[in-house]
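What follows is a set of notes on a single structure, which appears directly below.
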Amino acid sequence: MERRHLPLRRFPVALLALAAVPVAVLAVFFVLPVVGMVGRGFRPEGHWDLGGVLDVLARPRVHRVLWFTVWSSTVATAATLLLGLPAAYVLHRLDLPLRRVVRAALLVPFVLPTVVVGVAFRQLLTGPLSWLPIDGTPIAIIAGLVFFNVAVVIRAVGAAWESLDARPAEAAAALGAGPWTVFRTVTLPALRPAIVGAASVVFLFCATSFGVVLTLGGLRYASVETEIYLLTTDLLDLQGAAALSLLQLGVVVVLLFIGARLRPIRTSTSRQPPRPRRPRPADAPQLIVTALLLAFVAAPLAALLVGSLRVASGGGDRWSLANYRALTSTGSHQALLEPATTALDLSLRIAVDATLLALVLGLLVALSVTRRTHSRAERRVRGLLDAFFMLPLGVSAVTLGFGFLITLDRPPVDLRDSPWLVPIAQALVALPLVVRTLVPALGGIDDRQRQAAASLGAGPLRRTLVVDVPVLWRPLLASAGFAFAVSVGEFGATSFLARDENATLPVVIFRLIGHPGPMNYGMALAASCVLAATTAVVMLVVERLRVPSLGVL
Amino acid sequence: MTLSLRDVSVSYDGAAAISQVDLDLPDGQVLAVLGPSGSGKSTLLRAIAGLEPIAGSIAWDGTDLAGVPTHKRGFALMFQDGQLFGHLTVAANVAYPLRLRRVARAERRRRVEELLALVGLEGYGRRLPLTLSGGERQRVALARALAVEPKLLLLDEPLSALDAGLRERLASDLRRILTEAGTTALLVTHDQEEAFAVADRLAVVRAGRLVQEGPVGEVWRAPADPETALFLGYARVLTGEAAATVCAAAGVRTGGPVALAVRRSALVLAEDGPLSGVVVSARATPDQVRLVVDVHGVGQIDAVASSGVHPGPGERVRLRAEQTRLSVVP
């Protein structure tokens, strides 16, 4: 009998070699902790207990939490779109003075640490707007979420709007369509992928928001994410936390999938991007909404800044820098173990480490998922890798942080006292954003350029220098800034991992607002301002680099 | 029912794209605006459509159109690549302007079928633009533009995106459709053959200025200046002694020194021709033999011979000049 030869399939060795390091890192520092955390829930006493998990999902409180998460995220997403779309139009299609400055300013809320957003809104709602009875209500939470996410809509939809070919709209106008009809029948269908994509990302951020809900919702309103935190830290109900984590992971994966399907396909050559035109009287509604949005974004920040510069004296309060000077102390009533300035210093160091880690990993990931594929097996592996590296975006930072705590404390990986624990966690949180910034840039390089360079006699190194580096250095710098801003403000995972004696600034702020005493609160405001200024400056520098796509933005 | 442009200028950031154009287009005529790419001809078209801010005045029937937005002008604009709406079917694309005018459903359907038949695309209604070839897409765009029953149809390089054979066929179709519908049209193109095939009148634009305007035959016979002559397909422009020699050979009387535009086929190999020269090169084409001849008193110049003869380089030949293929340029 003749032996049948199996078709020889080329295994994607090179691709796997390139991806090996990030895969290993993700396996140890992401899959292991998450699996460990979830495992604790499913096997509380060493044997499987699925019934217990299902019981958790039947609890009335869990239903309330789920319902609150869904409706508050839905309302916040709708409000974000309503405010963001007119602003996207105004800032990307109209020729206004200071357009770039306003665009950059509206980007700042997105990179503000969530704790700072919470503190700023509380300061606004208990201070200048205390006559509005919305402090501690869902409205406050939703306002915080909108504030945080509006930049996503402006950036994502604005970029699509800006590069939208003007000619279909002109063709419709020439056929007799008025401005509103043109918008409804031509512009909106063309923008739909960008709008739906932005909306799904915003919903995702709202539904997994931790710092904003925790600082503004207190104990009365909890989302799935804060509930996981509460169950693990205060109630030690790991089973409940694991069940909720799994539920959240499932929903997020579905949302990410939808988002990926709808991600606008960037045609690298928009043949006729329109010139921004001067505003007309008909643009008044959009201009008014944009102005309102600016006021909405500026108000909490202004309240935060003013609050940090006022100290109580006698009956009233006066201007002073005392709150900033107090940052060198440990606060009243022993709120802190180390001065806040030490925390700032530590935050910056950790953020630098985390940024470097995220960059190296992100670059390897981006290179491996944009590699030219030669076979179907290779394409499949590449697709799987791409999805795998996006997972950290979907898993709650709280789950990740807690998983670190319970799995990385014994051999083979014992990092309990390692200074690398927090940077690694933060790098993982920042990784998807870095990858999403680098991949479009790398993917946009026409492979024929490399082939052309090769045919002219350039070796691999020379090809990279000539073709890839000139395209990549801006996105690389931008994603470094982005990763830095995210790390400096990271709260969800860090709140588990940072110890009292080496807390980062966001953790310190949260601790300060939890302790009684006007001095502590003043310190929290001052520290928030410092943190906000740090991330804002980094982001404004990034904005100067004018990278077309920033992470999910 | 006349379009008239008076002293129209368009500038981008201070740089003039169109300067001081005067133009009239009578009812029912097709005018081709011909110019090399970058000459500002598309800008002129967009200005007429109301898509560019202008200085000067554009009027329809004596009424100034300043302040009338694009969608209220009643002109239809057809883009170089059609600009069909990708999310609508062919029928829905053609029906788009009819819906805007609230034409009843039954009437709308009838009109769409009629228009698709006019452009030779019966039964294409349910297809999506993406599934059509380039030529089919342009036909749909034309049907959509005609659905407006426009007072004036503006066509921006309607055939340039197509390959040569299709372009030729569609050009004669376009001519037929426009005359059948009695549409006043303004066509912008860089291709002189397209202009000749479709238009009644010709306006030549160069560097933002209107150089010459008139009936197609007239412009073609008498180009206003040497550059226009070259752009209209004349092979060379002769001056001085060379021009005088060829003029004398063709029997053209001139009052003094002139420039003479000659087409490639102006000089023809003839036993008893008045000119003599030495063949520099010869290249056979299916219809004729194309020569370059060094003619005494003229220099190197193109000539043709019927495909029967094939003179080789270095051979002495005699040539005559065809009066209809020459043009004296002022």
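First to last, the sequence lines map onto chains A and B.
The opening position of the first sequence corresponds to residue 1 in the working numbering, with each subsequent residue numbered one higher.
The opening position of the second sequence corresponds to residue 554 in the working numbering, with each subsequent residue numbered one higher.
Where is the CB? At the ideal position from N, CA and C, for every residue including glycine.
- Message: What does the alpha-carbon distance come out to for the pair L575 of chain A and V369 of chain A?
- Response: Nothing can be reported for residue 575 of chain A, as the shown portion of chain A is limited to 1 through 553.
- Three-state secondary structure (DSSP) of L309 of chain A: Start at 1 with the first residue of the first sequence, and residue 309 of chain A comes out as number 309. The answer is coil: DSSP assigns L309 of chain A none of H, G, I, E or B.
Within 8 Å, do at least three Cβ pairs link the segment 598-616 of chain B to the segment 752-769 of chain B? no
**Asked** In the segment 616-658 of chain B, which residue ranges form an unbroken beta strand (DSSP E) of at least 3 residues, counting only runs that do not cross its ends?
**Response** 628-631
Of all the beta strand (DSSP E) runs that stay within the bounds of the segment 558-610 of chain B, which reach a length of 3 or more residues? 568-578, 583-587
- Task: Compare the C-beta of R749 of chain B with all C-beta atoms of chain A and state if any pair is closer than 8 Å.
- Result: Residue mapping note: residue 749 of chain B aligns to position 196 of the second sequence, counting from 1. In the sequence as presented, Arg is not what sits at residue 749 of chain B; that position holds Phe. Judged by the 8 Å Cβ criterion, F749 of chain B is not in contact with chain A.
Can you say whether R544 of chain A is buried or exposed, counting buried as having 16 or more other CB atoms within 10 angstroms of its CB?
What you label residue 544 of chain A is simply residue 544 of the first sequence in a count that begins at 1. Exposed, because fewer than 16 other Cβ atoms sit within 10 Å of the Cβ of R544 of chain A.
**Item:** Per DSSP, cross-strand counterpart(s) of L739 of chain B
**Value:** The count along the second sequence starts at 1 and reaches residue 739 of chain B at position 186. Looking at the DSSP assignment, L739 of chain B forms a beta bridge with B:L584, B:L707.
Item to check | Other residues of its chain near A551 of chain B: CB distance less than 8 Å, five sequence neighbours each side excluded | outcome: Residue 551 of chain B is absent from the model: chain B starts at 554 and stops at 883.
Between A:G492, A:N502, A:A533, which has its C-alpha nearest E225 of chain A's C-alpha? Taking the first residue of the first sequence as position 1, residue 225 of chain A is located at position 225. Out of A:G492, A:N502, A:A533, A:G492 has the C-alpha closest to the C-alpha of E225 of chain A.
Legend entry - Nearest-angstrom Cα separation, counted from L879 of chain B out to A569 of chain B: In the second sequence, counting from the first residue as 1, residue 569 of chain B sits at position 16. In the second sequence, counting from the first residue as 1, residue 879 of chain B sits at position 326. For A569 of chain B and L879 of chain B, the distance between alpha carbons rounds to 34 Å.
Run the CB neighbour count on T792 of chain B, radius 10 Å, all protein chains shown included, and call it buried at 16 or more, exposed below.
On the second sequence, position 239 is the one that residue 792 of chain B refers to. T792 of chain B is exposed by the Cβ-count criterion.
- Task: With a threshold of 16 other CB atoms inside 10 Å of the CB of W319 of chain A, please say whether the residue is buried or exposed.
- Result: For the purposes of this step, residue 319 of chain A is identified with residue 319 of the first sequence, where counting begins at 1. Exposed, since its Cβ has fewer than 16 Cβ neighbours within 10 Å.
Margin query: What does the alpha-carbon distance come out to for the pair L505 of chain A and T330 of chain A?
Written below: Position 505 of the first sequence, counted from the start, is the residue given in the question as residue 505 of chain A. Position 330 of the first sequence, counted from the start, is the residue given in the question as residue 330 of chain A. When rounded, the distance between both Cα atoms is 13 Å.
Item checked: Chain-ordered neighbours of V701 of chain B on chain A, where CB pairs are closer than 7 Å -> As a position in the second sequence, residue 701 of chain B is number 148, starting the count at 1. Those are L175, G176, listed as they occur along chain A.
**Item:** Length-filtered (3 minimum) beta strand (DSSP E) runs lying within the segment 807-874 of chain B
**Value:** 812-815, 820-822, 828-837, 841-848, 852-859, 869-874
Is T737 of chain B closer than 8 Å to G615 of chain B when the C-beta atoms are compared?
As a working note, residue 615 of chain B is residue 62 in the second sequence. As a working note, residue 737 of chain B is residue 184 in the second sequence. No; because the gap between Cβ atoms is not below 8 Å, this pair is not in contact.
>> Tell me the residue span of the beta strand (DSSP E) that contains V764 of chain B.
In response: Start at 1 with the first residue of the second sequence, and residue 764 of chain B comes out as number 211. Residues 762-768.
* Pair within 8 Å by beta-carbon distance, L828 of chain B and A874 of chain B -> As a position in the second sequence, residue 828 of chain B is number 275, starting the count at 1. As a position in the second sequence, residue 874 of chain B is number 321, starting the count at 1. In contact: L828 of chain B and A874 of chain B (Cβ atoms closer than 8 Å).
Can you grab the Cα-Cα spacing for the pair S270 of chain A / R463 of chain A, in whole Å?
-> Looking up residue 270 of chain A in the first sequence gives position 270. Looking up residue 463 of chain A in the first sequence gives position 463. Confidence in S270 of chain A is poor, its pLDDT being 44 and thus under 50, which makes the residue's placement too unreliable to answer from.
By the three-class DSSP mapping on this structure, what secondary structure does W131 of chain A have?
One-based indexing of the first sequence puts residue 131 of chain A at position 131. In the structure shown, W131 of chain A sits in coil (DSSP, three-state: anything other than H, G, I, E or B).
- Mind listing the chain B neighbours of P168 of chain A? Cutoff is C-beta to C-beta under 7 Å, in chain order. In the first sequence, counting from the first residue as 1, residue 168 of chain A sits at position 168. Here the neighbours are Q636, F638.
Task: chain B contacts made by the segment 183-201 of chain A, where a contact means CB separation under 7 Å - done: V186, P189
Closer than 7 Å at the beta carbon, the chain B residues around T330 of chain A:
By 1-based counting over the first sequence, the position of residue 330 of chain A is 330. Residues of chain B passing the Cβ test: none, with the nearest at roughly 59 Å.
*Report buried or exposed for E378 of chain A, applying the criterion of at least 16 other Cβ atoms within 10 angstroms of its Cβ.*
For the purposes of this step, residue 378 of chain A is identified with residue 378 of the first sequence, where counting begins at 1. Classification for E378 of chain A: buried.
Practice prompt. Name, please, each residue of chain B whose Cβ falls closer than 9 Å to the Cβ of A160 of chain A.
Written response: For the purposes of this step, residue 160 of chain A is taken as the residue at position 160 of the first sequence. Residues of chain B passing the Cβ test: none, with the nearest at roughly 15 Å.
Based on DSSP bridge pairs, tell me the residues matched to S880 of chain B. Locating residue 880 of chain B in the second sequence gives position 327, counting from the first residue. DSSP, once it has assigned bridges, lists B:A814 as partnering S880 of chain B.
Check your understanding: Closer than 8 Å, CB to CB, is T535 of chain A near chain B or not?
Key -> The residue given as residue 535 of chain A occupies position 535 in the first sequence. Cβ-Cβ to chain B under 8 Å: no for T535 of chain A.
- Taking any Cβ of chain A, which residues in the segment 617-634 of chain B have a Cβ under 7 Å from it, in chain order? T623, H624, F628, A629, L630, F632
Next on the checklist: Could you tell me the alpha carbon to alpha carbon distance between A819 of chain B and L739 of chain B, rounded to whole angstroms?
Outcome noted: Here residue 819 of chain B refers to the residue found at position 266 when the second sequence is read from its first residue. Here residue 739 of chain B refers to the residue found at position 186 when the second sequence is read from its first residue. Spanning the two alpha carbons is a distance of roughly 32 Å.
| Taking the continuous alpha helix (DSSP H) assigned at A532 of chain A, which residues delimit it? | By one-based count along the first sequence, residue 532 of chain A stands at place 532. Taken as a continuous stretch (DSSP letters only), the alpha helix (DSSP H) holding A532 of chain A covers 518-544.
Closer than 8 Å by beta-carbon distance: list the chain A residues that pair up with R697 of chain B, in chain order. Residue numbering aside, residue 697 of chain B sits at position 144 when the second sequence is read from its first letter. Neighbours of R697 of chain B on chain A, chain order: L175.
Considering only the alpha carbon of each residue, which of B:S564, B:L558, B:P589, B:Q745 lies closest to V574 of chain B? Counting from 1 along the second sequence, the entry for residue 574 of chain B is found at position 21. It is B:L558.
> Which bits of chain B does A171 of chain A rub up against, with CB to CB less than 7 Å?
Replying inline: Here the question's residue 171 of chain A lines up with position 171 in the first sequence. Here the neighbours are L630, F632, Q636.
- Roughly how many angstroms lie between the CA atoms of S268 of chain A and V202 of chain A, to the nearest whole one? As a position in the first sequence, residue 268 of chain A is number 268, starting the count at 1. As a position in the first sequence, residue 202 of chain A is number 202, starting the count at 1. Caution is warranted here: a pLDDT of 38 is assigned to S268 of chain A, below 50, making its placement in the model unreliable, and no coordinate value can be reported.
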